[in-house]
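In this note's numbering, the protein residues as written are 36 to 534.
Structure first, then comments.
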């Protein structure tokens, strides 16, 4: 008797260890729990029955197995717990050399059981293929037993009814969404001691087991999008969603269903129909021209630090109130030029002078005009010209010629005009030549050129004693004599005021 009990304990412990190891090995593929909808299921099964009682209590090898069959009708209440009713019918056979008897019993039982899905206790995994479970319960058993002696005579027979208490475990393998393959083992302990085998000896209660294989057919309610919410309760039956949102998706996880979310791709607030307002100014980001800085509604959500009605992003002077036509910049003197660009911000001026005035209208800003009230010349700092009657003219000659090129006659006339107007001015007339020819020849040629100019001026009325002749030949070139252009510049007469 004790050895048989040890075997039963060993079986239970081994089965539990197998369950725990399986749970440890299995990876958790889905971390987010999905709602569960209860379902009805039916499982026809076939298996082997085996008697455990007084006639074979101490003879393990005489525990003969016979065929049995049955069916289970159940309802899965939650992922972990379920209720089911099981019907099982079969035969029990055994021989006992110790008692010189043979048992033949036809039985059937009907039990109610609770099931516990072990995997679901530890994690929820919609993609799980293998599920381990245990069960236990109570029910009714009907026995029709015959015990014969080894000599062929009848020892005893009878029909009895009683209670039976099943406990066991199993494994289901998901073949499809609605079909599972089940393997399970259940051990039954009856409330009777000798009604099955008509023997009262080593084992206190008559017991038997049923190991079976079955196919489970689940009658699931329709859930098109597989989000755990049946279609009749799912506001978005075609798209997987969240329980809290009645089966509708929420891509941005802001608690507002995409179908009601004006901004489904970015988390927002309920008061803005799911749109964000990053700067908290009451204007949603997609309508806010400045979504990261709190601003005014009339400026499309942009701030206006200086309060001039121009958004800071468009205000070139955001810290000082200004005018719209000047992009938000002030203009103290009212001349239409922003103070930041106005060189004279306190006095009304002209744009061409960077906002500064030109009182005398001489084209020189007052701030740069040494004589702001009298029109003058830029060269004289804005003051009127003071004529010093300085003369400097250069006239040019052709190669080996001592008379001026015609177009330079006008320059000689200009000199005449100045000298006739200012009788106190005297000039130096200086002749030059290029490097062609000998030094002696070029010296004489430069003198002739100086004489030509002096004679021209005298003929025009200039007194000869105001003209001072100099000639230098080729000794003072102003350009390169190796080039045509350079030589042309060296064939000249310079007329300079004598100081």
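Ideal Cβ placement from N, Cα and C applies to all residues, glycine included.
Please read these numbers as outputs of a predicted model, since none were measured by experiment.
Would a check of beta-carbon distances place residue 252 closer than 8 Å to chain D?
As a matter of chain content, chain D is missing from the structure shown, which is built from one protein chain.
Cutting at 7 Å between CB atoms, please list the residues of its own chain near residue 228, excluding the five before and the five after it.
Excluding positions up to five away in sequence, the list reads 235, 239, 240 and 241.
If I measure Cβ to Cβ from residue 137 and keep anything under 6 Å in the same chain, skipping five residues before and after, which residues do I get?
Only 130 and 183 meet the Cβ criterion.
Tell me, to the nearest whole angstrom, how far the beta carbon of residue 378 is from that of residue 365; I am working on the premise that it is less than 8 Å.
Not really, about 15 Å apart at Cβ, beyond 8 Å.
Could you tell me the distance, in whole angstroms, from the CA atom of residue 464 to the CA atom of residue 419?
Each residue's alpha carbon lies about 31 Å from the other.
Beta-carbon separation of residue 148 and residue 119 under 8 Å?
In this structure, residue 119 lies closer than 8 Å to residue 148 by Cβ.
Return the CA-CA distance between residue 37 and residue 224, expressed in angstroms with no decimal places.
Only weak support is given to the placement of residue 37: the predicted model assigns it a pLDDT of 43, under 50, and the value that follows is read from those uncertain coordinates. Each residue's Cα considered, the two are about 17 Å apart.
On the DSSP bridge list, what partners appear for residue 464?
Paired residues: 504 and 530.
For residue 166, count neighbouring C-beta atoms within 10 Å of its own C-beta (all shown protein chains included) and say buried if the count is 16 or more, exposed if not.
Buried, since its Cβ has 16 or more Cβ neighbours within 10 Å.
Buried or exposed: residue 254, going by 16 or more other Cβ atoms within 10 Å of its Cβ?
With fewer than 16 other Cβ atoms within 10 Å, it is exposed.
What residue range does the alpha helix (DSSP H) around residue 157 cover?
Note, residue 157: alpha helix (DSSP H), 153–157.
DSSP has residue 130 in a bridge; who is on the other side?
Bridge partners of residue 130: 137.
Taking the C-alpha atoms as reference points, what is the distance between residue 191 and residue 105?
Taking the straight line joining both Cα atoms gives about 28 Å.
In this structure, what does DSSP give as the bridge partners for residue 224?
For residue 224, which the question treats as bridged, DSSP gives the partners 200 and 242.
For the alpha helix (DSSP H) that residue 444 lies in, which residues bound it at each end?
444–456 is the span of the alpha helix (DSSP H), which, as asked, contains residue 444.
I need the straight-line Cα distance from residue 308 to residue 262, nearest angstrom please.
Answer to the nearest angstrom: the Cα atoms are 24 Å apart.
Measure the C-alpha to C-alpha separation of residue 193 and residue 176 and round it to an integer number of angstroms.
Each residue's Cα considered, the two are about 14 Å apart.
CB-CB under 6 Å to residue 438, same chain, minus the five flanking residues each way: which ones, in chain order?
So the list reads 487, once near-sequence residues are dropped.
Is residue 493 helix, strand or coil when you go by DSSP?
Helix, per DSSP.
Give me the residue from 459, 492 and 87 with the minimum Cα distance to residue 243.
Nearest C-alpha to residue 243: 87.
Measuring CB atoms only, is the segment 489–497 touching the segment 386–404, in the sense that at least three cross pairs come out at less than 8 Å?
Segments in contact, no.
Is residue 337 closer than 8 Å to residue 352 when the C-beta atoms are compared?
No, Cβ-Cβ distance for residue 352 and residue 337 is not below 8 Å.
Would you tell me roughly how many angstroms separate the C-alpha atoms of residue 315 and residue 297, rounded to the nearest one?
Going by the C-alpha atoms only, they are around 18 Å apart.
Pull up the distance between the alpha-carbon of residue 77 and that of residue 202, whole angstroms please.
Spanning the two alpha carbons is a distance of roughly 19 Å.
In this structure, does DSSP put residue 250 in helix, strand or coil?
The answer is strand: DSSP assigns residue 250 an E or B state.
Report the CB separation of residue 146 from residue 172 in whole angstroms; it is logged as a contact under 8 Å.
The Cβ separation is near 5 Å, so the contact holds.
When DSSP labels each residue in this structure, what does residue 476 get in the three-state scheme?
Residue 476: helix per DSSP, three-state reduction.
Just curious, the beta strand (DSSP E) that residue 520 is in, first and last residue?
Careful: residue 520 lies outside any beta strand (DSSP E), inside the alpha helix (DSSP H) at 519–525.
For residue 123, which option in 102, 195 and 139 has the closest C-alpha, if you only look at C-alpha atoms?
Among 102, 195 and 139, the Cα nearest to that of residue 123 is on 102.
Keeping to the same chain, check which residues put their C-beta closer than 7 Å to that of residue 312; ignore five residues upstream and five downstream.
These residues qualify, in order along the chain: 304, 318, 319 and 320.
Determine, using beta-carbon pairs with one atom in the segment 463–483 and one in the segment 513–532, whether at least three such pairs fall under 8 Å.
The segment 463–483 is in contact with the segment 513–532.
Taking 6 Å as the limit between beta carbons, can you name the residues of its chain near residue 117, skipping five residues before and five after?
Closer than 6 Å at the Cβ level, and outside the excluded window around residue 117, lie 109, 111 and 150.
Locate the beta strand (DSSP E) running through residue 84, then write down its first and last residues.
It spans 74–87 - the beta strand (DSSP E) in which residue 84 sits, taken as one unbroken run.
So, is residue 517 buried or exposed, given that buried needs 16 or more other C-beta atoms within 10 angstroms?
The residue is exposed, with fewer than 16 neighbouring Cβ atoms inside 10 Å.
Specify, as a first and last residue, the run of the beta strand (DSSP E) that residue 382 falls within.
From DSSP, residue 382 is part of no beta strand (DSSP E); its letter is neither H nor E.
Rounded to whole angstroms, what is the Cα-Cα separation between residue 373 and residue 363?
When rounded, the distance between both Cα atoms is 9 Å.
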